[in-house]
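Student:
Chains as they are written, first to last, in my numbering: chain Y, -17 to 237; chain X, 785 to 1023.
1) Determine contact between the segment 929 to 937 of chain X and the segment 879 to 899 of chain X, defined as no fewer than three beta-carbon pairs at a distance below 8 angstroms.
2) Under 8 angstroms, Cβ to Cβ, is there at least one residue of chain X near residue 198 of chain Y?
3) Report the partner residues of residue 848 of chain X according to the DSSP bridge assignment.
4) Can you list the residues of chain Y that residue 854 of chain X reaches, using a CB-CB cut of under 8 angstroms?
5) Just the Cα atoms here: how many angstroms apart are residue -10 of chain Y and residue 1004 of chain X?
6) Note down the Cα distance separating residue 181 of chain Y from residue 130 of chain Y, rounded to an integer number of angstroms.
7) How long is the line joining the alpha carbons of residue 970 of chain X and residue 914 of chain X, rounded to whole angstroms?
8) Going by alpha carbons, who is nearest to residue 794 of chain X out of X:925, X:988 and X:1001?
9) Just list the residues that DSSP pairs residue 994 of chain X with in beta bridges.
10) Should residue 804 of chain X be flagged as near chain Y, meaning a C-beta pair shorter than 8 angstroms?
11) What residues of chain C sit near residue 861 of chain X, judged by a beta carbon separation below 7 angstroms?
12) According to DSSP, is residue 989 of chain X helix, strand or coil?
13) Taking only three categories from DSSP, how would you classify residue 243 of chain Y?
14) For residue 37 of chain Y versus residue 115 of chain Y, is the C-beta distance shorter than 8 angstroms?
15) Is it right to say residue 960 of chain X is buried, meaning 16 or more other beta carbons lie within 10 angstroms of its own, or is it exposed?
16) Taking the Cβ atom as the reference point for each residue, do residue 836 of chain X and residue 807 of chain X lie within a distance shorter than 8 angstroms?
17) In chain Y, which residues lie with their C-beta within 7 angstroms of the C-beta of residue 868 of chain X?
18) Whole angstroms are fine: how far does the CA of residue 985 of chain X sit from the CA of residue 1016 of chain X?
19) If residue 789 of chain X and residue 841 of chain X are in contact, beta carbons under 8 angstroms, what's the gap, nearest whole angstrom?
20) Nearest to residue 40 of chain Y by CA position, among Y:58, Y:204 and Y:120, is which residue?
21) What residue range is occupied by the uninterrupted beta strand (DSSP E) comprising residue 159 of chain Y?
22) Please state whether the Cβ-Cβ distance between residue 994 of chain X and residue 981 of chain X is less than 8 angstroms.
23) Give me the residue from Y:165, Y:61, Y:83 and Y:-16 with the minimum Cα distance to residue 882 of chain X.
24) Would you list the one or two residues that DSSP bridges to residue 1097 of chain X?
25) Would residue 129 of chain Y count as contacting chain X if we go by Cβ distances under 8 angstroms?
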């Protein structure tokens, strides 16, 4: 498997998309720190942009890369190598490349310009979301044979987690306004990795105070030790479940 | 060495392989023949584990191939259409496969590489290569690890007469070493001096599996394309 990681990582680093992505993240980060006087505010703006860009780029990049390595996969499945290792290798190669991009593009500017807990939290959230969306993209690329369909499915997933989900939550809130939904909200936010990232960021920056009762409840739940632990655990499930499912399907896929 | 029992594979409603049972032994050179869409490539892909049969089982060197991967170290495969990662050079592809298929004390068979003159093209990227050159790379990879079983899907398609002759001579040499060789081809005249047996597939079913001398005796023809023409005529006449 190490060899597969090596070859796919080399291949990814050779194409310039990941370099452009790193430069984009770095430009956004540096210019935000330059424009804002208050670095904490800059981190918040950066977080908002990251929550949008990182899932989008990670998922689209991984889907396209997987379809483009169809030849590579075809060449190697006829060789004495486990299929699960093949997919894991490519996946880990992609994840490593994305993590390098996040570390260099966001981690480095934050470390230099504003070394803080909230900065660290931002980098970790970005890294976690990269992994989650790489997993989801791998799943959709394994499930659909057609490239256009696979990319469409990935885009739909991103759209769902970024916009539609929030709309649905708002709808439920308005419909059930007479009932106490505060603890249900916590449960609902676990269904969306981007929301979890956002809440973690908000709590780090103490803006939750502006969100009223729900904010206080969130602070109470997510701010404490085991709430944080639970967030991490659910995030891990979001990373692992799609890729495990994808590997399982890939083992039985006709190529 | 290869025993397939009742292999069934359906793509949707179409049965690409419908209860195929064959056994192939060491030292045989077998031609897989059949009309387009008769399931030749599907059968080969089943042998390699690229397509997973719905039912039935296949053993290679007495190992059941279901959920197995290690048996593929005995096989060299040359696909019908060779596709390689576009951005890699020939050298990188060869080195990568060599690295992944690494076994201690492996003896590499680079005869074909020399004869095709691939070393002069080593630094060329895959996407710049012509279809024929890709076929050559693919053939070299199939023979490189000195496998006991060679599976060649339309090996001479797209090769020029010189290269095709080189490949045929190579196949003859490997045959003399007592390897099992499976070939599919539509150009029957290419197979004339190579094959010892014929497996005929039609609509996913096994038509027959007989040795070439037997077939020649039965039909009274010497050349393979005449033999097959006679048999196919008889089949359509008896319908």
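We put the beta carbon where it would ideally sit given N, CA and C, even for glycine.
Tutor: So, to answer that:
1) yes
2) The sequence position of residue 198 of chain Y within the first chain is 216, counting from 1. Output row for residue 198 of chain Y: interface = no.
3) Residue mapping note: residue 848 of chain X aligns to position 64 of the second chain, counting from 1. Looking at the DSSP assignment, residue 848 of chain X forms a beta bridge with X:843.
4) Taking the second chain and counting its residues from 1, one reaches residue 854 of chain X at position 70. Neighbourhood of residue 854 of chain X in chain Y, by CB distance below 8 angstroms: 62, in chain order.
5) Counted from its first residue, the first chain places residue -10 of chain Y at position 8. Counted from its first residue, the second chain places residue 1004 of chain X at position 220. Rounded to whole angstroms, residue -10 of chain Y to residue 1004 of chain X spans 56 angstroms at the Cα level.
6) What you label residue 181 of chain Y is simply residue 199 of the first chain in a count that begins at 1. What you label residue 130 of chain Y is simply residue 148 of the first chain in a count that begins at 1. Approximately 33 angstroms between the Cα atoms of the pair.
7) Here residue 970 of chain X corresponds to residue number 186 of the second chain, with the count starting at 1. Here residue 914 of chain X corresponds to residue number 130 of the second chain, with the count starting at 1. Computed Cα separation, rounded: 22 angstroms.
8) Locating residue 794 of chain X in the second chain gives position 10, counting from the first residue. Closest by alpha carbon: X:988.
9) The residue you call residue 994 of chain X lines up with position 210 of the second chain. Beta-bridge pairing links residue 994 of chain X to X:982.
10) By 1-based counting over the second chain, the position of residue 804 of chain X is 20. No, no contact with chain Y.
11) No chain C appears in the structure shown, which is made up of the protein chains Y and X.
12) As a working note, residue 989 of chain X is residue 205 in the second chain. In the structure shown, residue 989 of chain X falls within a strand segment according to DSSP collapsed to helix, strand and coil.
13) For chain Y, the structure presents residues -17 to 237; residue 243 of chain Y sits outside this window and is missing.
14) One-based indexing of the first chain puts residue 37 of chain Y at position 55. One-based indexing of the first chain puts residue 115 of chain Y at position 133. Contact flag set, yes.
15) Numbered from its first residue, the second chain carries residue 960 of chain X at position 176. Exposed, by the Cβ-count rule.
16) Position 52 of the second chain, counting from 1, holds the residue named residue 836 of chain X. Position 23 of the second chain, counting from 1, holds the residue named residue 807 of chain X. It is not a contact, given that the beta carbons lie outside the stated cut-off.
17) Here residue 868 of chain X is taken as the residue at index 84 of the second chain, counted from 1. Ordered by position in chain Y, the residues that pass the 7 angstroms Cβ test against residue 868 of chain X are 53 and 57.
18) Residue 1016 of chain X sits at position 232 when you count from the first residue of the second chain. Residue 985 of chain X sits at position 201 when you count from the first residue of the second chain. For residue 1016 of chain X and residue 985 of chain X, the distance between alpha carbons rounds to 12 angstroms.
19) Stepping through the second chain from its first residue, residue 789 of chain X is reached at position 5. Stepping through the second chain from its first residue, residue 841 of chain X is reached at position 57. For residue 789 of chain X against residue 841 of chain X, the beta-carbon gap comes to about 6 angstroms, under 8 angstroms, which counts as contact.
20) Here residue 40 of chain Y is taken as the residue at index 58 of the first chain, counted from 1. When each option's Cα is compared against that of residue 40 of chain Y, the closest is Y:120.
21) Along the first chain, read from residue 1 onward, the residue named residue 159 of chain Y stands at position 177. First-last for residue 159 of chain Y: undefined, no H or E at that position.
22) By one-based count along the second chain, residue 994 of chain X stands at place 210. By one-based count along the second chain, residue 981 of chain X stands at place 197. Cβ atoms of residue 994 of chain X and residue 981 of chain X: closer than 8 angstroms.
23) Residue numbering aside, residue 882 of chain X sits at position 98 when the second chain is read from its first letter. The candidate whose alpha carbon is nearest that of residue 882 of chain X is Y:61.
24) Residue numbering for chain X in the displayed model covers 785 to 1023; residue 1097 of chain X lies beyond these limits and cannot be assessed.
25) As a first step, residue 129 of chain Y is located in the first chain; it is residue number 147 there, counting from the start. It does not: the Cβ of residue 129 of chain Y has no partner Cβ on chain X nearer than 8 angstroms.
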